[in-house]
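Numbering (this note's numbering), first residue to last: 6 to 175. Heads up, the thing below is written out as structure tokens.
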Amino acid sequence: MSPVRPACVLVGLMGAGKTTVGTALAERLGVAFRDTDHDVEAVAGKPVSEIFIEDGEDRFRALERAAVATALETFGGVLALGGGAILAEETRARLAGHTVVFLSVELADAVKRVGLGAGRPLLAINPRATLRHLMSQRAPLYREVATHVVVTDGREPAEVTDEILALLKR
Ligand code: S3P
6 MSPVRPACVL VGLMGAGKTT VGTALAERLG VAFRDTDHDV EAVAGKPVSE
56 IFIEDGEDRF RALERAAVAT ALETFGGVLA LGGGAILAEE TRARLAGHTV
106 VFLSVELADA VKRVGLGAGR PLLAINPRAT LRHLMSQRAP LYREVATHVV
156 VTDGREPAEV TDEILALLKR
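Here's what the structure looks like:
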């Protein structure tokens, strides 16, 4: 029996549209959508923002590494990783051999999409400056793990979804 693996893994910054596009993509492929933030919340029994406040970011990252590892081995649908999951070298190594789509977004669109950053602890203070910093820090890591890069700026989710579907068919 061949091992289960995600049909597609989505990576990218907060505001890249991983949840919106991932949900649409899963529907078009007729598979389930899963988000590692939700897996972490299920294990911790509380929202991501509370984990950050009560247990700290390191604890969140440990839960996230475990959630990604499990999902990559057991889930066959569309998997969205939290924006910072690729910071872990262990996670980047695990992504090798998977179909990984980097949804890229520039600052202007990311800021528009995250609004005031509700529910995203890293954006609690000055979301624009934080996103700019995270973007420059992480862009090389997203590119490192990606098998495909899809630009999302100024595009509707349906258009982005169509492009990914075409890439997956190749
Ligand atoms: C984070 C992104 C969030 C969530 C947490 C930290 C990050 O996920 O994992 O708030 O470090 O970029 P989304 O990218 O799904 O918003």
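Think of the CB as a built atom: it goes at the ideal place given N, C-alpha and C, for glycine as much as any other residue.
Asked, Found
"At what residues does the alpha helix (DSSP H) containing residue 80 begin and finish?", "First-last for residue 80: undefined, no H or E at that position."
"Out of 49, 157, 31, 170, which one is the CA nearest neighbour of residue 19?", "157"
"Give the single residue among 149, 124, 21 whose Cα lies nearest to the Cα of residue 55.", "124"
"If distances are taken between C-alpha atoms only, which option among 115, 140, 106, 102 comes closest to residue 10?", "102"
"Would DSSP call residue 156 helix, strand or coil?", "strand"
"What is the DSSP secondary structure of residue 16, reduced to helix, strand or coil?", "strand"
"Helix, strand or coil for residue 31? Go by DSSP, reduced to three states.", "helix"
"With distance defined between alpha-carbon atoms, name the residue in 115, 84, 99 nearest to residue 137.", "115"
"Who pairs with residue 39 in a beta bridge, going by DSSP?", "84"
"Quick one: what does DSSP say residue 128 is sitting in, helix, strand or coil?", "helix"
"Can you name the start and end residues of the alpha helix (DSSP H) that residue 172 belongs to?", "162-174"
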